[in-house]
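Each number in my numbering corresponds to the 1-based position in the sequence shown with 507 added. Every residue, glycine too, gets a C-beta built ideally from N, C-alpha and C. The block underneath contains the structure these notes are about, expressed in structure tokens.
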Amino acid sequence: MRLLLAEDDFDFSGVLSRYLAGKGWDVLCCADGKEALTLARKQAFDVILLDLSLPQLDGLEVLQRLRSDNSTTPVLVITARSQVAEKVVGLEAGADDYLGKPFDLVELEARLKALTRRFGRDGQLRCGLLRFDQSSGSCWRSEMPLDLSPRESTLLRALMARVDRVVPNRELLTAVFGGDESVKPEALDVLLHRLRKKLLGAGVEVVNLRNVGYLLRDDTAGTPPP
């Protein structure tokens, strides 16, 4: 599960990111509101962990702008502003949950899991700025729909299902062309060439291991957590 952590206290951010990474979360950290808003708009996350007291742009403003963009990504606010009136303001601005500092890390993870269960997008694959809905075969780049042919969609699905792992040529040919033995391997290269053009700016790279297969790589890796 991919999580955006917006927290300007580097020591605290380090504690949170290391704990969550140890629990299997893919954590991307940032330390100011402007960067948090930019990342949340450009990349796909399963949940956002948002401190309200951020420099550059207050966390509450980040939250309001995301909701005005019609973003449905669940947001868990973490803050020292834990008075009831302040919680109400945060929830009314669009927060899905609110946790006052200090808090227990076990409770934090439990709340995050509850949010992703509640708002989880089952059947969706993500890589870079791409989001692929397996039930419909539709794909979005930074939440903008991609115009893919049925074969391009099938090919991308096969690659996104195994990010950073090689998918053999024969397996891709079977998935896309249904095992038609009259189809030459070059047909796959032509299809990949077209697909690559449509994936420009999507934060991904399609790597060709000659005579072996292809793999899809995420090129949007952020700064490692402190």
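Looking at residue i: is its Cβ nearer than 7 Å to the Cβ of residue j?
i: L561; j: D518; result: no
i: L637; j: A709; result: yes
i: G554; j: L622; result: According to the sequence provided, residue 554 is Val. The question's Gly does not apply to it. Contact: yes.
i: R658; j: V683; result: yes
i: L564; j: K541; result: yes
i: D611; j: T586; result: no
i: L653; j: K705; result: yes
i: A600; j: V582; result: no
i: E614; j: K530; result: no
By alpha-carbon positions, which one of the options ends up nearest to residue i?
i: L680; options: L583, A587, L535, P692; result: P692
i: V714; options: D687, S689, R669, V690; result: R669
So is residue i buried or exposed if we call it buried at 16+ other beta carbons inside 10 Å?
i: P733; result: Summary for P733: the model assigns pLDDT 36, below 50, so the residue's position carries little reliability, and this model does not support an answer.
i: F639; result: buried
i: S689; result: exposed
i: R618; result: buried
i: L707; result: exposed
In angstroms with no decimal places, state the Cα-to-Cα distance between residue i and residue j.
i: G521; j: D539; result: 15 Å
i: G635; j: S649; result: 9 Å
i: E712; j: K620; result: 30 Å
i: Q571; j: L556; result: 15 Å
i: Y605; j: T545; result: 22 Å
i: R509; j: L523; result: 14 Å
i: V584; j: G597; result: 8 Å
i: L716; j: L695; result: 13 Å
### Query
When the Cβ atoms of the segment 716-724 are set against those of the segment 663-682, are three or more pairs found closer than 8 Å?
Segments in contact, yes.
### Task
Check whether the segment 532-542 touches the segment 574-581, taking contact to mean three or more Cβ pairs, one atom from each stretch, closer than 8 Å.
The segment 532-542, when compared against the segment 574-581, does not touch it at the 8 Å Cβ threshold.
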